[in-house]
Structures are given as structure tokens and as C-alpha cells.
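A quick write-up on the structure given underneath.
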Ligand code: SF4
Ligand code: SF4
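This is the structure:
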């Protein structure tokens, strides 16, 4: 019996890049993430209501986010997908040039 290869689709970072992808429709507005964020850059959108009837969370200052993922760890509803900052290829290139 032939063994068929398993295709694994790796997740791709958002374009344009952002540190957090927020599934607003799953947010229940409990604010656990607000309390957990060391940068204090998460807040409820008081002017929005999601399909569950809650004010969803949003990121107030994306450049300040360190992708520490504490918000994702405490969220009971897996609302956050956290992305590390893109690698600086120019720095890698200069490192390779220095190594020559
Ligand atoms: S990843 Fe860290 S810094 Fe960014 S919003 Fe979440 S808890 Fe705050
Ligand atoms: S912890 Fe999750 S469910 Fe609670 S407010 Fe934050 S994102 Fe919404």
C-alpha cells in the first residue's frame, strides 16, 4: 500500500504585517488580555458590538507591541494570533558580507 504524503500548510504572516491578528467575532470582552498586556495597548472597541453581543478587543498601538503573546496566553477564546516581527534581511545580508 502506497503511503500518501501529508501536505502541511504552514501559516503565513499577515500582509501588511501586524503583530496581532484579532478574531473580533470570538471576543467576549472579558478584558483578561487588557490586564495581561505589559504595554497597555489593548482596549475594548466601545463603539462596536460583535455577533456575540460584546464590545470586541482592539490593538491601540501596533508599533508598541512586542509580540510577547501574553494576551494570547490568557485569552479563553483563542482570539489572538501573534506574529513575531519580520526578520531584517538587510542586517542578515550585512552580516554575511562581514563574514566573507
Ligand atoms: S503581544 Fe504582548 S505587547 Fe502585544 S498586545 Fe499582546 S500582550 Fe500586549
Ligand atoms: S481575553 Fe480574549 S475574550 Fe477576553 S477581552 Fe481579551 S480577546 Fe476578548
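Residue numbers (the numbering used here): -5 to 94.
For each residue, glycine too, the CB sits at the ideal point set by N, CA and C.
None of the values given here were measured: they were computed from a predicted structure.
With residue 66 as the anchor, note down where its alpha helix (DSSP H) starts and where it stops. For residue 66, the enclosing alpha helix (DSSP H) stretches over residues 64 to 68.
Shortest alpha-carbon distance to residue 71 belongs to which of 34, 7, 22, 12? Selected option, being the one with the closest Cα: 22.
Run of the alpha helix (DSSP H) containing residue 15, from where it starts to where it stops: Element bounds for residue 15: not the alpha helix (DSSP H) but the beta strand (DSSP E), 14 to 16.
Since residue 76 is in the beta strand (DSSP E), which residue starts that stretch and which ends it? 74 to 76 is the extent of the beta strand (DSSP E) around residue 76.
Close beta carbons around residue 77, own chain, < 8 Å, minus the five adjacent residues each side: Answer for residue 77: 7, 8, 11, 12, 13, 14, 15, 61, listed in chain order.
What's the call for residue 42, buried or exposed, on a 16-neighbour Cβ count within 10 Å? Under the 10 Å beta carbon count, residue 42 is surrounded by fewer than 16 other beta carbons and is classified as exposed.
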